[in-house]
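Asker: One structure follows; several queries about it will come next.
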Amino acid sequence: MMGLRLILEQVSHAYRDLSVLDGITLTAAPGEVLVLVGPSGCGKSTLLGIMGGMLAATGGTVSVTGEVAADCLNPLTYVFQDFALLPWRSVAGNIDLVLRARLPKAERQARIAEVLALTNLTEFAGAWPRQLSGGMRQRVGIARALAVRPACLLMDEPLSALDAQTRDLLLDEFAAIIARAGTTTVYVTHNLKEAVRLGHQIVVLSRRPGRIRATVRIDRALTDRTARDPDLLVIGEELWRMIRDDAAAAERERVDAPA
Amino acid sequence: MPRLEGPVHFRAAGFAPKDRAWASAATLLGLLAMWQASASFGLIKSLFLPPPVAIATALWHLTVSGELWKHLSASLMRLFVGWTLGTVFGVGMGLAVGLWSALRSPGMAIVAALFPIPKIALVPLFIIWFGIGEGSKIATLAFGVFFPTVIATAGGVDNVARGLIRMGQSFGLSTGAIVRGIILPGALPAILSGFRVTTSIAIVLLVAAEMIGAERGIGAFVLSAGNLYDTDNLLAGIVVLSVLGLIVAWIIGRLERALLSWR
Ligand SMILES: Nc1ncnc2c1ncn2[C@@H]1O[C@H](COP(=O)(O)OP(=O)(O)OP(=O)(O)O)[C@@H](O)[C@H]1O
Ligand SMILES: [Mg+2]
């Protein structure tokens, strides 16, 4: 079957003496959305960095297995919280950057047009990033990630820099795009509404050092969900109960920690 | 309890200086007019400070006789070649220092040790190394331009947002593609503002180098006019240098506007 399986075995990480992750073992199945939730500072971004090869874990192994489409240019692809757009390139230019030197011009233009249409940005192909709203910038980030036809999308709080309305709108767009593209996805969030809207597998991490506290599965297809489904809200409540005490403790720790 | 009543007044005025081209021109013209007037009314002796009209006349004579072009062309050639050499090597070295740990500390040590040296003091040495002709003059300029360019470029590279570089890496871009697509354009504003500094340095060094053993060049011309106390021609040469500086600054301004239009 097409698609990438991402496997972590006993992954641990420490920044110098600070142990951040401890014995994380999990698997994201092909086409599945794995959501990572947990209190602030528990190591979610660290874990995502390790998954994408942007950070070398101090222990354990990360591996991928599966078949990747022939037109995939970058199997593991990030969508950044702060968008990471080049201010000196237009919307189309930002996407072109990651295709350049790998595809002939005509094919690049076709892909750019395709992902801009998918993210409703066609009219803004020539705009500078500074001329766009936050939600549009993040859509450019998504378009850029989709343009390389990733086998696995790694998203670190992609909506957290946006206002609540934009977040709701983009959340549904994400769900539609992920469902259509069928890429394996790891999605980090603080927001439990996002977690139940997108997650097939929701992994709850404990306070630092992050360990897996619970794994919740939701089998319903993304296209059959809305963020307001009552049963999903119930699951969201359950998740919140699990991390509430941890979150409060983490917050105290943050405030109390000597400078 | 104190009561507050009445309209809220706008209080966010000021701290936003505007550029007014006409004010720049008017200031310079006004000063010229005052200068000319004080000479015409005999307040300043013309040997002491020649009036603008005398300088303009001298310039006119220099232009029609071809004397001006003889000196100016020699200076422009040195300026162009010397500045370009210093800039090309300086940007290259600045990139290297900004990108690779192996080169960073050695490169910065060299820059720190050699940058503060007054390049003029080295001219005799350059004459021994590169000859009394064009070589030593171009070397003086290139050397003077090189160090500030290294510093501006390395600083620009350091200031490129790390997140953008990580983004490039996460998309699997090659080192070359990251340098060309992310680091160079990100450092460009700093490199271009370095140009403003280095072109001025280049003009100063040009004149100084031409004062040491040159027959042609604005510096040589200014020096010989000075030796003869021919203050009309002396100031004519200085006006040429000032205009040269203005033109170069204008070119860089255009370059910035063209290359940094995204800002
Ligand atoms: N580069 C680093 N060097 C040292 N410590 C770090 C570094 N990056 C993160 N940390 C520490 O590691 C811990 C986990 O950080 P991480 O960013 O992974 O948490 P997170 O779960 O993503 O938090 P948040 O929800 O606030 O984004 C934090 O305590 C943080 O202070
Ligand atoms: Mg984080």
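For the protein sequence lines, the chains are A and B, in the order given.
Every letter in the first sequence is one number past the one before it in this note's numbering, and letter 132, counting from 1, is 186.
Every letter in the second sequence is one number past the one before it in this note's numbering, and letter 108, counting from 1, is 1421.
Glycine included, every Cβ here is placed at the ideal spot set by N, Cα and C.
1) Could you please tell me which residues of the stretch 99 to 124 of chain A, in chain order, have their CB closer than 7 angstroms to any CB of chain B?
2) Which same chain residues, not among the five before or five after TRP1396 (chain B), have their C-beta less than 8 angstroms away from its C-beta?
3) Here's a check: name, in chain order, each residue in its chain whose Cβ is nearer than 7 angstroms to the Cβ of ALA68 (chain A), leaving out the five neighbours to either side.
4) Say whether chain A places a C-beta atom closer than 7 angstroms to the C-beta of ALA1503 (chain B).
5) Any beta carbon from chain B within less than 7 angstroms of PRO158 (chain A)'s own beta carbon?
6) Using a cut-off of 9 angstroms between C-beta atoms, extract the partners of ALA155 (chain A) located in chain B.
7) Using a Cβ-Cβ distance under 7 angstroms, would TRP1575 (chain B) count as near chain A?
8) Using CA coordinates, which residue listed in A:TRP294, A:LEU151 and A:GLY77 is at the minimum distance from LEU246 (chain A)?
9) Given this structure, state the Cα-to-Cα distance separating THR280 (chain A) from ALA303 (chain A), to the nearest angstrom.
10) Tell me the DSSP secondary structure of GLN1349 (chain B) in three-state form.
11) THR1340 (chain B) bridges to which residues according to DSSP?
12) Looking at C-alpha atoms only, which residue of B:ILE1525, B:LEU1548 and B:TRP1575 is the closest neighbour of LEU1381 (chain B)?
13) Taking just the CA atoms, how far does ARG262 (chain A) sit from GLY95 (chain A)?
14) How many angstroms separate the CA atom of PHE1402 (chain B) from the CA atom of LYS1358 (chain B)?
15) Tell me whether THR243 (chain A) counts as near ligand 1, meaning its Cβ is closer than 6 angstroms to at least one heavy atom of that ligand.
16) Within the 7 angstroms Cβ cut-off, does ASN148 (chain A) reach chain B?
17) DSSP state of GLU1318 (chain B), grouped into three classes?
18) From the beta carbon of VAL152 (chain A), is the nearest beta carbon of chain B less than 7 angstroms away?
19) For LEU1579 (chain B), go through chain A and note every residue whose CB falls closer than 7 angstroms to its CB, in chain order.
20) Can you give me the C-alpha to C-alpha distance between LEU58 (chain A) and ARG1417 (chain B), rounded to a whole angstrom?
21) Quick check for students: name the residue ranges of the beta strand (DSSP E) that lie wholly in the stretch 1470 to 1542 of chain B, counting only runs of 3 or more.
22) Do TYR132 (chain A) and SER1483 (chain B) have their beta-carbon atoms positioned less than 7 angstroms apart in this structure?
23) At a Cβ threshold of 7 angstroms, is SER1483 (chain B) touching chain A?
24) Kindly indicate which residue of B:PRO1461, B:ARG1479 and B:LEU1497 has the alpha-carbon position closest to the one of TRP142 (chain A).
25) For ILE78 (chain A), which residues does DSSP report across the bridge?
26) I'd like to confirm something about SER214 (chain A): is its beta-carbon nearer than 6 angstroms to some heavy atom of ligand 2, or not?
27) Mind pulling the chain B residues with CB within less than 9 angstroms of VAL335 (chain A)?
28) Taking the beta carbon of PHE178 (chain A) as the centre, do at least 16 other beta carbons fall within 10 Å, making it buried, or is it exposed?
29) Can you tell me which residues fall inside 5 angstroms of ligand 1, judged by beta-carbon distance to its nearest heavy atom, and keep chain order?
30) Closer than 8 angstroms between beta carbons: that is the criterion. Which residues of the stretch 157 to 179 of chain A meet it against chain B?
31) Take LEU1408 (chain B) as the anchor and find which of B:ALA1521, B:ARG1529, B:VAL1470 and B:GLY1476 has the nearest alpha-carbon.
32) Using a Cβ cut-off of 9 angstroms, pull out every chain A residue sitting near ILE1495 (chain B), in sequence order please.
Answerer: Reading off the structure:
1) GLY106 and MET108
2) In the second sequence, counting from the first residue as 1, residue 1396 (chain B) sits at position 83. Contacts found: LEU1454, ALA1455, VAL1458, THR1511, THR1512 and ALA1515.
3) Along the first sequence, read from residue 1 onward, the residue named residue 68 (chain A) stands at position 14. Same-chain partners within the cutoff: VAL74 and THR112.
4) As a working mapping, residue 1503 (chain B) is identified with position 190 in the second sequence. It does not; no Cβ of chain A falls within 7 angstroms.
5) Walking along the first sequence from the start, residue 158 (chain A) turns up at place 104. By this cut-off, PRO158 (chain A) is not an interface position.
6) Taking the first residue of the first sequence as 1, we reach residue 155 (chain A) at position 101. Those are LEU1486, SER1487, GLY1489 and ALA1490, listed as they occur along chain B.
7) As a first step, residue 1575 (chain B) is located in the second sequence; it is residue number 262 there, counting from the start. At least one chain A Cβ lies under 7 angstroms of TRP1575 (chain B).
8) Looking up residue 246 (chain A) in the first sequence gives position 192. For the residues A:TRP294, A:LEU151 and A:GLY77, the minimum Cα distance to LEU246 (chain A) belongs to A:TRP294.
9) For the purposes of this step, residue 280 (chain A) is taken as the residue at position 226 of the first sequence. For the purposes of this step, residue 303 (chain A) is taken as the residue at position 249 of the first sequence. So the two alpha carbons sit approximately 31 angstroms from each other.
10) Translated into positions along the second sequence, residue 1349 (chain B) becomes position 36. It is helical.
11) Along the second sequence, one-based indexing puts residue 1340 (chain B) at 27. Per DSSP, none; premise fails for THR1340 (chain B).
12) In the second sequence, the residue the question calls residue 1381 (chain B) occupies position 68. Comparing Cα positions, the closest option is B:LEU1548.
13) Residue 95 (chain A) sits at position 41 when you count from the first residue of the first sequence. Residue 262 (chain A) sits at position 208 when you count from the first residue of the first sequence. Roughly 7 angstroms separates the two Cα atoms.
14) Residue numbering aside, residue 1402 (chain B) sits at position 89 when the second sequence is read from its first letter. Residue numbering aside, residue 1358 (chain B) sits at position 45 when the second sequence is read from its first letter. As the crow flies, the alpha-carbon of PHE1402 (chain B) is around 48 angstroms from that of LYS1358 (chain B).
15) In the first sequence, residue 243 (chain A) corresponds to position 189, counting from 1. No - ligand 1 has no heavy atom lying nearer than 6 angstroms to the Cβ of THR243 (chain A).
16) Position 94 of the first sequence, counting from 1, holds the residue named residue 148 (chain A). With 7 angstroms as the cut-off, ASN148 (chain A) does not count as an interface residue toward chain B.
17) For this step, residue 1318 (chain B) is matched to residue 5 along the second sequence. Note: GLU1318 (chain B) maps to coil in three-state DSSP.
18) Taking the first sequence and counting its residues from 1, one reaches residue 152 (chain A) at position 98. Closer than 7 angstroms: yes.
19) Nothing about residue 1579 (chain B) can be read from this structure; chain B reaches only from 1314 to 1576.
20) In the first sequence, the residue the question calls residue 58 (chain A) occupies position 4. In the second sequence, the residue the question calls residue 1417 (chain B) occupies position 104. LEU58 (chain A) and ARG1417 (chain B) have their C-alpha atoms spaced approximately 40 angstroms apart.
21) none
22) By one-based count along the second sequence, residue 1483 (chain B) stands at place 170. By one-based count along the first sequence, residue 132 (chain A) stands at place 78. In this structure, TYR132 (chain A) lies closer than 7 angstroms to SER1483 (chain B) by Cβ.
23) The residue given as residue 1483 (chain B) occupies position 170 in the second sequence. True, the Cβ-Cβ gap to chain A drops below 7 angstroms.
24) Locating residue 142 (chain A) in the first sequence gives position 88, counting from the first residue. Residue B:LEU1497 is the option with its Cα nearest to TRP142 (chain A).
25) One-based indexing of the first sequence puts residue 78 (chain A) at position 24. Beta-bridge pairing links ILE78 (chain A) to A:VAL65.
26) Within the first sequence, numbered from 1, the residue matching residue 214 (chain A) stands at position 160. No, since every heavy atom of ligand 2 falls outside the 6 angstroms radius drawn around the Cβ of SER214 (chain A).
27) Nothing can be reported for residue 335 (chain A), as the shown portion of chain A is limited to 55 through 313.
28) Taking the first residue of the first sequence as position 1, residue 178 (chain A) is located at position 124. So PHE178 (chain A) counts as buried.
29) The answer, residue by residue, is A:TYR69, A:VAL74, A:SER94, A:GLY95, A:CYS96, A:GLY97, A:LYS98, A:SER99 and A:THR100.
30) Flagged: no residues at all.
31) Taking the first residue of the second sequence as position 1, residue 1408 (chain B) is located at position 95. The option with the nearest alpha carbon to LEU1408 (chain B) is B:VAL1470.
32) Along the second sequence, one-based indexing puts residue 1495 (chain B) at 182. Simply LEU140 and LEU151.
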